[in-house]
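Contents: one structure, followed by commentary.
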Amino acid sequence: MTTVTTGAPTPTRAVGTAHTRIEGRDKVTGAARYAGEMPFTGLAHGWLVLSTVARGRVSALDTDPVLAMPGVLTVLDHRNAPRVRTDYTGLMGMRPDPTCAVFQHDRVPHLGWPVALVVAETPEQAREAAETLVVHYEQ
């Protein structure tokens with residue numbers, strides 16, 4: 001068996017000392033480009049509509065006025081979302097993971113459950129349209 005002996009750790013002096021940040025000047029002056037500012041052709045933006053009730057069912061969504069808004073591409077909800085497997089198990093394989101069932105049924109298991117996704121050309125259009133969407137619930 002080999003024994004490895006190391007000396008005392010070498011202090012790095014990282015804490016308490018100033019460091020040169022090569023990107024600092026660009027960030028402070030506004031010249032830095034962030035990921036959200038990068039242009040992408042055909043990029044769409046989504047905004048979730050979350051339930052305002054703690055438990056119930058979505059009985060109706062008034063999507064027609066939202067779809068007529070400028071820049072809105074679609075509204076995704078339990079009626080038109082692609083079907084996905086919902087029998088995945090959670091950590092340790094103990095029980096099904098309910099987070100896999102978003103937009104798969106009309107049930108609302110808790111407050112803040114995603115009930116729709118508004119997709120638009122810009123984030124601002126998606127948010128405004130999502131705030132306009134009227135959701136009817138049965139409790």
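Under the working numbering, the first residue of the sequence shown is numbered 1, with each subsequent residue one higher. Ideal Cβ positions, reconstructed from N, Cα and C, are used throughout, including at glycine.
Exercise. Does the beta-carbon distance from Trp47 to Ala126 come in below 7 Å?
Worked result: yes
Exercise. Are the CB atoms of Asp78 and His105 nearer to each other than 7 Å?
Worked result: Residue 78 is actually His in this sequence, not Asp. Yes, Cβ-Cβ distance for His78 and His105 is below 7 Å.
For this session: Below 8 Å CB to CB, which residues in the same chain sit around Leu73 once its five sequence neighbours on both sides are set aside?
Result: Ala44, Val119, Ala120, Glu121
Exercise. DSSP state of Arg107, grouped into three classes?
Worked result: strand
For this session: Name the two residues that bound the continuous beta strand (DSSP E) containing Thr146.
Result: This structure cannot settle anything about residue 146, because the visible part of the chain is limited to 1 through 139.
Exercise. Could you give the residue range of the alpha helix (DSSP H) that holds Ala8?
Worked result: Per DSSP, Ala8 belongs to no alpha helix (DSSP H) and is neither H nor E.
Exercise. Roughly how many angstroms lie between the CA atoms of Val4 and His19, to the nearest whole one?
Worked result: 34 Å
Exercise. Would you call the CB atoms of Pro123 and Leu50 closer than 7 Å?
Worked result: no
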